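The sequence shown stops at residue 897 when you use the numbering used here, and every number in between is there.
Where a beta carbon is used, it is the ideal one built from N, C-alpha and C, also for glycine.
A quick note: this is a predicted structure, and the numbers were derived from the prediction, not measured.
Please read the structure below before turning to the comments.
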Amino acid sequence: MKIESALIIGSGTMGRGIAQVAATAGLVTYVHDVNAEQVKKALAEIEKSLGKLVEKGKLPADTAASAKANLKTVGSLDEINWPKVGIVIEAIYENFDAKVSLYKQVHDKLPAGAILASNTSSISITKLAAATNRPAQFIGMHFFNPVPLMTLVEVIRGLQTDDATVSAVEALAKQMGKNPLRCHDMPGFVSNRVLMPMINEAAFALMEGVADAPTIDEIMKQGCNFPMGPLTLADFIGVDVCLNILEVLHKDLGDPKFRPCPLLRKMVDAGWLGRKSGRGFHQY
Ligand code: CAA
Numbered sequence: 614m615k616i617e618s619a620l621i622i623g624s625g626t627m628g629r630g631i632a633q634v635a636a637t638a639g640l641v642t643y644v645h646d647v648n649a650e651q652v653k654k655a656l657a658e659i660e661k662s663l664g665k666l667v668e669k670g671k672l673p674a675d676t677a678a679s680a681k682a683n684l685k686t687v688g689s690l691d692e693i694n695w696p697k698v699g700i701v702i703e704a705i706y707e708n709f710d711a712k713v714s715l716y717k718q719v720h721d722k723l724p725a726g727a728i729l730a731s732n733t734s735s736i737s738i739t740k741l742a743a744a745t746n747r748p749a750q751f752i753g754m755h756f757f758n759p760v761p762l763m764t765l766v767e768v769i770r771g772l773q774t775d776d777a778t779v780s781a782v783e784a785l786a787k788q789m790g791k792n793p794l795r796c797h798d799m800p801g802f803v804s805n806r807v808l809m810p811m812i813n814e815a816a817f818a819l820m821e822g823v824a825d826a827p828t829i830d831e832i833m834k835q836g837c838n839f840p841m842g843p844l845t846l847a848d849f850i851g852v853d854v855c856l857n858i859l860e861v862l863h864k865d866l867g868d869p870k871f872r873p874c875p876l877l878r879k880m881v882d883a884g885w886l887g888r889k890s891g892r893g894f895h896q897y
C-alpha cells in the first residue's frame, strides 16, 4: 500500500522536521498539536528551513512550494480526512501514558491497515503496540535531529509488527529521502544504546576534571572526526532527554555501566537543559 497522506502528532523539534520531510516527499501532511502556539511556530520554522535548503541549492523552489501546500495544520482531530490517512507518526514527549492516551484517540479513526508509528527514542515499541488496536501495524520510526539534514531513520520492529508494515515504512522513509535501517526492539535501540554511554562518559570526564567542556568537545571533534563534540551534542539533544534515555537504559538493561552521571541530574535540576534553555554544558 502506497502511503499518500500522513498525520504527524507533536510539533516540537522532531515533529516539525518529520512533517517537513513528509510534505516535501509529496504526502498530504496533517500536523496536530494540543498547543496551537507551538504549531504556528512549527510552521514558521518549516518555512525557514525550506527557504534555507532552496537558498543552498539543496531543494528546487517548486518542490519547496508544493511542500508548503501539502502541509495542513489541524487544531482538532475532526478536521482530518481520516479515510485517506495511511500513517500516523507520533512525536510527542517521552511519556508512556501520554502516548497511549493519544493512540486511543486516533486508532479507531484510522482506516484498516493504516500504520501507527512512534518516533520514541527510548520507550518499548512492543509495549506501546500492545496498548493499541493494531499491534501488527505498530512500528518505531526513529528520526534524527535535525531531521531535514540527517539521512537515517531507525526502523524498530516490535514483537508483533508484521512484515507488510516494515516494508511500507521502509518505502516511506526512502520516499522522504532517508535511509531506513532495521533493528529490533531493545532499550535505546542501536543509536541511543551506543551514543548515550559516550555522552554520559563525557559528562563524567567533565565532572572529574579531566578537561573542561570545550576541550572535551574539541578532542572528540578533532580526534574522532565527530561533527559535534559529545557535550555540544548533549546540549543539542537536550540534557533532560539524555538523562531520561540513560535512565531507561539503566533500568531496562539492568547494567550498571548505564548509570547516569550525577552531573547530568544536577544540570536538569538547575534547568540547564542545553540549547533550548540557553544554558547546558555551554552557553547559548
Ligand atoms: N533545515 C535547514 N537547514 C538547517 C537545519 C534545518 N533543520 N538545521 C541546520 N541547518 C543549517 C544550518 O543553519 C547551517 O546553515 P549555514 O551554513 O547557512 O549556517 C547548515 O545547516 C549546516 O550547518 P553547519 O555549517 O554547522 O554544518 P554541519 O556540516 O556542521 O552540519 C549538523 C550541521 C548536521 C547538525 C552536524 O553538526 C551534525 O551532524 N551534528 C550531529 C547531529 C546529530 O548527531 N544528530 C543526532 C542526534 S541524536 C537524535 O536526534 C536522536 C535521539 O534519539 C536523541
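>> Can you determine whether any heavy atom of ligand 1 sits closer than 8 Å to the C-beta of K740, and answer yes or no?
In response: Answer for K740: no, Cβ out of range of ligand 1.
>> Counting C-beta neighbours from all protein chains within 10 Å, is the total for V855 16 or more, i.e. buried, or is it exposed?
In response: Here the sequence assigns Cys to residue 855, which means Val is not the residue at that position. The residue in question, C855, is buried, as its Cβ has 16 or more Cβ neighbours within 10 Å.
> Can you tell which of T845, C874 and K864 has the C-alpha that lies nearest to the C-alpha of G891?
Replying inline: The residue with the shortest Cα to Cα distance from G891 is T845.
> Looking only at its own chain, which residues have a Cβ that is under 6 Å from the Cβ of I621, when we skip the five neighbours before and after it?
Replying inline: Only G628, I631, A632, V644 and I702 meet the Cβ criterion.
>> Using only CA atoms, which one of V779, A777 and P793 lies nearest to T764?
In response: Cα-wise, what sits closest to T764 is P793.
> Where in the segment 685-718 do unbroken runs of the alpha helix (DSSP H), each at least 4 residues long, occur, reported from the N-terminal end onward?
Replying inline: Taking only runs of at least 4 residues, no alpha helix (DSSP H) segment lies wholly in the segment 685-718.
> Under a Cβ-count criterion, where at least 16 other Cβ atoms within 10 Å of its own Cβ denotes burial, should M820 be classed as buried or exposed?
Replying inline: The residue is exposed, with fewer than 16 neighbouring Cβ atoms inside 10 Å.
>> Residues around ligand 1, please: the ones whose beta-carbon is closer than 5 Å to some heavy atom of it, in chain order.
In response: Going along the chain, the residues that qualify are S662, K665, S734, F757, N758, P759, P761, L762, P840, M841 and I850.
> Out of A674, E767, V641 and A781, which has the shortest C-alpha to C-alpha gap to Q750?
Replying inline: Taking each of A674, E767, V641 and A781 in turn and checking the Cα distance to Q750, the smallest one comes out for A781.
>> Restricting to runs no shorter than 4 residues, where is the alpha helix (DSSP H) found entirely within the segment 737-776?
In response: The qualifying runs are 738-743.
>> Pull the bridge partners of Y643 from the DSSP assignment, please.
In response: According to DSSP, Y643 bridges with L620 and K685.
>> By DSSP's criteria, T797 is part of a beta bridge. Which residues make up the other side?
In response: As written in the sequence, residue 797 is His, which differs from the Thr given in the question. Answer is R770.
> Residue range of the beta strand (DSSP E) that S731 falls in?
Replying inline: Start and end: I728 to S731.
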